[in-house]
Each structure stands twice: as structure tokens, then as C-alpha cells.
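If you count the sequence shown from 1, you need to add 4 to reach the working numbering.
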Amino acid sequence: MKKYLGVISFALIILVICIFAGTITQVIDPGVTTFRVLMICGIIISFSFSFLSEKGLWRKLALGLSIFVGLVYFMAVELMRIIFQGNGF
5 MKKYLGVISF
15 ALIILVICIF
25 AGTITQVIDP
35 GVTTFRVLMI
45 CGIIISFSFS
55 FLSEKGLWRK
65 LALGLSIFVG
75 LVYFMAVELM
85 RIIFQGNGF
């Protein structure tokens, strides 16, 4: 099972990217809480799976992509939410 965790993690982070892109382009319209839960859980599970997988190409791809997507999500969504909520929006 450990052999396939990198591939599963990569597929999961691609799914998270598709959910993010679909929400940004308004193709899908989940609620705010649903969107945040899907994104945060998907990023954490993908990062965990990629960290636990055996070393190789899939681990490097999935781990790098998980970290990148996590940082982009945190900066684009969570930090902007904190900034705009604090200013009366």
C-alpha cells in the first residue's frame, strides 16, 4: 500500500486543484464552509499521504504540489478573508 500512496496523493491534490479552479471560475458553487472543509482536508490528507509514501518521483511531485497548493490556498483564501473581515467587509 505504501507503494501507491504517492500516486493516490497526487490524484487527490489534482482533485483539490480542480475544486479550487471550479469554485474560482464559478462552475461549481459550494457554500463557504463546504469549500473550506474540502480544501483544508484535501490538502492535509494529500500532504500526509505523500509524506508517508516511499521515496521516488511520485512522492516528490505530490509533496511539492501539496505544499505549493497549501501555500497558495492559505495566501489567496484564508489571509484575504482575515484582512477583509477585519476591515468591515
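For each residue, glycine too, the CB sits at the ideal point set by N, CA and C.
Contact belief for residue i with residue j at Cβ below 8 Å, rounded distance in angstroms
i     : j     : result
ILE23 : MET5  : That pair is no contact at about 25 Å.
SER57 : GLY10 : 4 Å
Residue i versus residue j - alpha carbon distance
i     : j     : result
VAL20 : GLN89 : 25 Å
MET79 : PHE39 : 15 Å
CYS45 : SER70 : 12 Å
ILE47 : LEU16 : 8 Å
SER54 : VAL73 : 13 Å
ILE32 : ALA25 : 9 Å
TRP62 : SER52 : 13 Å
THR29 : TYR77 : 15 Å
Any chance you could list the alpha helix (DSSP H) runs of at least 4 consecutive residues sitting entirely within the stretch 22 to 84, in chain order?
-> 36 to 56 and 61 to 77
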